[in-house]
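Shown next, in structure tokens, is the structure this report addresses.
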Amino acid sequence: MTDLLPGLAGRTIVVTGAARGQGAAEALLLAGHGARVVATDIADDAPELSGPGVEYRRLDVTVEDEWRALAADLAREETPLRGLVNNAGITHRARLGDTERADWDRVIAVNTTGPMLGIRHLAPLMSVGSSIVNVGSSAALTAHYTAAYTTSKWALRGLTHVAANEYGPRGIRVNIVHPGFIETEMTATAPQAMRASQLELTPLERFGEAGEVAQVVAFLLSDAAAYVSGAEIPIDGAFTAVGGAKLLSDRIARELK
Ligand code: NAI
184 MTDLLPGLAG RTIVVTGAAR GQGAAEALLL AGHGARVVAT DIADDAPELS GPGVEYRRLD
244 VTVEDEWRAL AADLAREETP LRGLVNNAGI THRARLGDTE RADWDRVIAV NTTGPMLGIR
304 HLAPLMSVGS SIVNVGSSAA LTAHYTAAYT TSKWALRGLT HVAANEYGPR GIRVNIVHPG
364 FIETEMTATA PQAMRASQLE LTPLERFGEA GEVAQVVAFL LSDAAAYVSG AEIPIDGAFT
424 AVGGAKLLSD RIARELK
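Here the numbering used here = 1-based position in the sequence shown + 183.
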């Protein structure tokens, strides 16, 4: 039997971008810990999410009226909202010189403005002990070549720090996780050179799985992390911690052989 994380059972938690990938893994894991999950996405339905504890609702994170409607519905419920995972995200793999204004705006709208709207509309419903988790990226800790995506995730770090400061006095914790290369539909379209370099620069020498990100997100939502706020947690097999030094270390090891 899995040990339950404290404080998740019976809590209402909203997860965005939850129709597939990491969001779906998070929704299912949280429901497994007894939470009532409102899983949202732009997809028409989410067959991966069938099971007890998860209800699906269509919500485009860039549309403020949809956040407003969700907040109004949640406000009518008896159990207070205790968690939000700002997981929805899109990538745009282009270098700065090749980034068109429309693509830039679209990426910032989903990855940065979406979480801002979610926090603004849902935090007022949250009581002491609630937790918000933003899903950043190892791109937010590096100069990853994807200009719009990288910038949007760096901005999300700023939003996380501001929100942790502003909502801390109300007992609401706000943290951000930074996944490395995780096998999902998003990375299935990554160029071969990106996959190979990422692997070469990751000390654990493998890619991550959606479930491995979900475990850390669930921990941050639970009371086990009751004094963790404003934190940034890489989930990347030490990719960002070594900052490219693995390449140097591997080459030296080969030379010394
Ligand atoms: P994914 O592409 O499989 O899932 C993303 C989900 O977000 C999809 O279900 C999509 O429909 C939804 N979505 C897109 N635009 C939306 C919108 N406007 N409103 C609501 N939902 C929307 O990708 P994955 O890997 O599960 O990504 C989840 C999060 O993790 C994203 O924020 C991504 O940037 C981040 N991330 C992913 C990494 C990876 O290697 N897969 C690495 C680092 C961060």
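By construction, the Cβ of each residue, glycine as well, lies at the ideal position given by its N, Cα and C atoms.
Nothing here was measured: the structure is a model prediction, and the numbers come from that model.
| Check | Outcome |
| --- | --- |
| What residue does the beta strand (DSSP E) around Thr195 start on, and which one ends it? | Thr195 to Val198 |
| Please tell me whether Ile302 and Leu342 are closer than 9 Å, where the distance is taken between their beta carbons. | yes |
| Is the distance from the Cβ of Glu368 to the Cβ of Arg203 below 9 Å? | yes |
| Grouping DSSP H, G and I as helix and E and B as strand, with all else coil, what is Ile355? | coil |
| By Cβ distance below 7 Å, which residues in the same chain neighbour Pro189 in space, the five residues on each side in sequence not counted? | Ser405, Asp406 and Ala407 |
| Does Gly391 come out as helix, strand or coil in the three-state DSSP assignment? | strand |
| Using a Cβ-based criterion (distance less than 8 Å to any ligand heavy atom), does Ala407 qualify as near the ligand NAI? | no |
| So is the beta-carbon of Gly215 under 8 Å away from any non-hydrogen atom of the ligand NAI? | no |
| Distance, Cα to Cα, Gly211 vs Gly200? | At residue 211 the sequence reads Leu, which differs from the Gly that was named. So the two alpha carbons sit approximately 13 Å from each other. |
| For Lys440, count neighbouring C-beta atoms within 10 Å of its own C-beta (all shown protein chains included) and say buried if the count is 16 or more, exposed if not. | exposed |
| Output yes or no for whether 9 Å exceeds the beta carbon distance between Tyr239 and Ala255. | no |
| Please report the residue range of the beta strand (DSSP E) in which Pro189 lies. | Unbroken run through Pro189: none, as it is neither H nor E. |
| Does the pairing of the region 361-378 with the region 411-431 give three or more beta-carbon distances under 8 Å? | yes |
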